[in-house]
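A short write-up of the structure that comes next.
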Amino acid sequence: MMRRKVWLLVIGVILLVCALCTFAACESYKATALDKVGDKNAVVASNGGLVVKQGDYLYFINGYTDYLTANAKDNWFGTPVKGAIVRVSYHADGTLGDDYVVVVPKSVMASSENVGISIFGEWIYYVSPSAETDRSGTVQTDTLQFMRTKIDGTDTQVIVEIDDTSVKYKYTQSAFVWFDSSDNKLYSKDLTAKKFKKSDKGDCIAEDVASVHFIKNETYDPAATGTPVADYVLYTKNSELSYESTNTLYAIAPRGGEAKTLIDADTFSDGKYSISVLASSVEENALAIYYTKTEYVGTSSSGTVVGTYAYRFAAGTDFVFTASNEKQLSTSDLSSITPISYAEGVVKTGSNTAIYHTDGTPVSTFGELSVGTLLAVENGAFYYLDSDGKMLYYPLDNLSNAHYAYTTGEKAMTSFTGAEYFDGYFYFIQDDEYDYMARVKLADIDVYSGKDAAVTRVAKVTAADQEKMDEAEAEDDD
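Counting the sequence shown from 1 gives a position; the working numbering is that position plus 2.
Written as structure tokens, this is what we have:
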């Protein structure tokens, strides 16, 4: 009799679980492998952006969708197309095939400086708003899920969940590194692991962190050995001495270890300074940093900005700083700057846009030109977005005024992801009725003839949107 009761209890529990699963379905990451798969051993370019090239394929964010929704299932794996990660053939001349395929059917979130997707080997790394709900059924959109999926579309995993939609982070080939501003700690999560516990923050690799700067690691070569310079993370710590307002700038490998001191209170013989990194760049595995210095005299906590500087370290990860080799770009805080290259200098954006050079050449000025979002300095011109998201160009020779890159009026969705330049094309999410990815070819923008460049949609369009497009085209024909 006792055995019968036990079995009845077991059967009851099983029936209860089945009932719960019926009424409260869960998101599933099961997927069938794609018929065609890219080359995981190919070099990757443009990591961390809207578009990433690996081998013969271009992977991109397929537009924007209002994924911060009251309906969790809108962002369940397998549902999204717009906002998902799509792949298309990429030819040597920059042209695209017509074989658009959804690889990651999940809405990709991109905001602030933390934009886009990255690919390392067989894995695509991205971030998506949580599609989970609390007990009251409210979607947890304030929680971000940092995820990865294989390039064949299978084995999707949640690496970590973070309750901060503006968190600073970066993906590297070996680790996911992020800054927890609530406890001033830098965390690293090992990406060589086969499985993850999403509630696990990872290993703390630095404490009492005052500021963090993530170097862009846009290129990944699987054949390269060692930890690339671009995978390192820069951070500052304030002085432990209560009477001193200086700080120390460190570099640390993505999986942690002993941090390397770049600049500290004793680096300069002419005074005591704190360092604020504004930008960085990596060329031929050599790190260049661009920073402001604030001088402190005696025990005063009121410092004076003495200028904006540039410094290029020798190639490799020794990061030996020699004070006599730093270059002063300006006697003021340039604040918003974008490096062109270390040899060419940096662009100060905003009002009175100018180029500051590292070789001592006088500052290049352009009248009252005001560049908002700088996309590129190419083909002898600035290319940038205005406050409305329209693309403009301005010739560096000052022989022409600023002009729109095209007269058809398309706008970039600057509130979501901005835009980026890659391999001769400008890519952006088009801010219109459909909100898909689009691109403009730089060579089609003629700064002197005013030739109109074509804005071309780069997207896998949903059936519903395609129907709307066809109807609109038919009305125009009529």
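Glycine included, C-beta positions come from ideal geometry on N, C-alpha and C.
Count the other CB atoms within 10 Å of the CB of residue 93; is the residue buried (16 or more) or exposed (fewer)?
Residue 93 comes out exposed.
Over the uninterrupted beta strand (DSSP E) stretch that includes residue 205, give me the two end residues.
That run of the beta strand (DSSP E) goes 205 to 208.
Measuring CB to CB, does residue 377 end up less than 8 Å from residue 385?
Yes, these two residues count as a Cβ contact at 8 Å.
Rounded to a whole number of angstroms, what is the C-alpha to C-alpha distance between residue 82 and residue 328?
Roughly 49 Å separates the two Cα atoms.
Taking just the CA atoms, how far does residue 166 sit from residue 133?
Each residue's Cα considered, the two are about 15 Å apart.
Judging by CA-CA distance, which residue of 187, 255, 207 is the nearest neighbour of residue 219?
Of 187, 255, 207, the residue nearest in Cα terms is 255.
Please report the residue range of the alpha helix (DSSP H) in which residue 175 lies.
Unbroken run through residue 175: none, as it is neither H nor E.
Write down every uninterrupted run of the beta strand (DSSP E) in the region 50 to 107 whose length is 3 residues or greater and which is fully enclosed by it, in chain order.
Within the region 50 to 107, the complete beta strand (DSSP E) runs of at least 3 residues are 53 to 56, 59 to 63, 87 to 91, 103 to 106.
How many angstroms separate the CA atom of residue 318 from the CA atom of residue 29?
Those two C-alpha atoms are separated by around 44 Å.
Just curious, the beta strand (DSSP E) that residue 159 is in, first and last residue?
Run containing residue 159: 159 to 164, per the beta strand (DSSP E) assignment.
Expressed to the nearest angstrom, what Euclidean distance is found between the alpha-carbon atoms of residue 281 and residue 340?
Near 7 Å, if we compare the C-alpha coordinates of residue 340 and residue 281.
To the nearest angstrom, report how far apart residue 47 and residue 424 are at their CA atoms.
Residue 47 and residue 424: Cα-Cα distance of roughly 9 Å.
Counting beta carbon pairs with one atom in the region 170 to 182 and one in the region 222 to 237, are three or more of them shorter than 8 Å?
Flag = yes, the region 222 to 237 and the region 170 to 182 touch.
Comparing C-alpha positions only, which one of 222, 187, 163, 176 sits nearest to residue 201?
Taking only the C-alpha atoms, the option nearest residue 201 is 163.
I'd like the list of long-range same chain contacts for residue 245, defined as Cβ closer than 8 Å, with 5 residues on each side in sequence excluded.
Contacts found: 301.
Using C-beta distances below 7 Å, list every residue in its chain close to residue 445, excluding the 5 sequence neighbours before and after it, in chain order.
Excluding residues within five positions, the ones whose Cβ falls inside 7 Å are 426.
Nearest to residue 389 by CA position, among 233, 135, 416, 171, is which residue?
Nearest option by C-alpha distance: 416.
If you follow the alpha helix (DSSP H) that residue 470 is in, where does it begin and where does it stop?
Run containing residue 470: 465 to 479, per the alpha helix (DSSP H) assignment.
From the DSSP output, which residues share a beta bridge with residue 129?
DSSP lists 148 as partners of residue 129.
If you pair each beta-carbon of the region 82 to 91 with each one of the region 53 to 70, do three or more pairs fall below 8 Å?
At 8 Å Cβ cutoff, the stretches touch.
Could you please give the first and the last residue of the uninterrupted beta strand (DSSP E) stretch that includes residue 430?
Start and end: 427 to 431.
Can you tell me whether residue 22 is buried or exposed? The criterion is at least 16 other CB atoms within 10 Å of its CB, across all chains shown.
At residue 22, the pLDDT of 42 sits below 50, so the modelled position is not reliable and the matter cannot be decided from this model.
Tell me the DSSP secondary structure of residue 442 in three-state form.
DSSP places residue 442 in strand when its eight states are reduced to three.
From this set, 295, 436, 454, which residue's C-alpha is nearest residue 472's C-alpha?
The candidate whose alpha carbon is nearest that of residue 472 is 436.
Near residue 147, which residues of its chain fall below 6 Å by C-beta distance, leaving aside the five closest residues on each side in sequence?
So the list reads 130, 132, 160, 163, once near-sequence residues are dropped.
Give every residue of the same chain whose Cβ lies closer than 6 Å to the Cβ of residue 127, excluding the five residues on either side of it in the sequence, and list them in chain order.
Taken in chain order, the residues that qualify are 120, 150, 173.
Which stretch, first to last residue, makes up the beta strand (DSSP E) that contains residue 307?
Run containing residue 307: 306 to 314, per the beta strand (DSSP E) assignment.
Here's a check: name, in chain order, each residue in its chain whose Cβ is nearer than 8 Å to the Cβ of residue 409, leaving out the five neighbours to either side.
Same-chain partners within the cutoff: 454.
How about residue 290 and residue 231: do their beta carbons lie closer than 8 Å?
No.
Buried or exposed, going by whether 16 or more other CB atoms sit within 10 Å of the CB of residue 77?
So residue 77 counts as buried.
Can you list, in chain order, the residues of its chain with a C-beta nearer than 7 Å to that of residue 103? Leave out the 5 residues immediately preceding and following it.
Within the same chain, residue 103 has close Cβ partners 36, 88, 89.
Does residue 232 come out as helix, strand or coil in the three-state DSSP assignment?
Reduced to three states, the DSSP call for residue 232 is helix.
Do residue 387 and residue 421 have their C-beta atoms closer together than 8 Å?
Yes, they are a contact pair.
Return yes when the Cβ of residue 312 is within less than 8 Å of the Cβ of residue 331, no when it is not.
Yes, the Cβ-Cβ distance between residue 331 and residue 312 is below 8 Å.
Helix, strand or coil for residue 325, going by three-state DSSP, please let me know.
Residue 325 falls in the helix class under three-state DSSP.
Taking the continuous beta strand (DSSP E) assigned at residue 257, which residues delimit it?
No beta strand (DSSP E) contains residue 257, which DSSP labels as neither H nor E.
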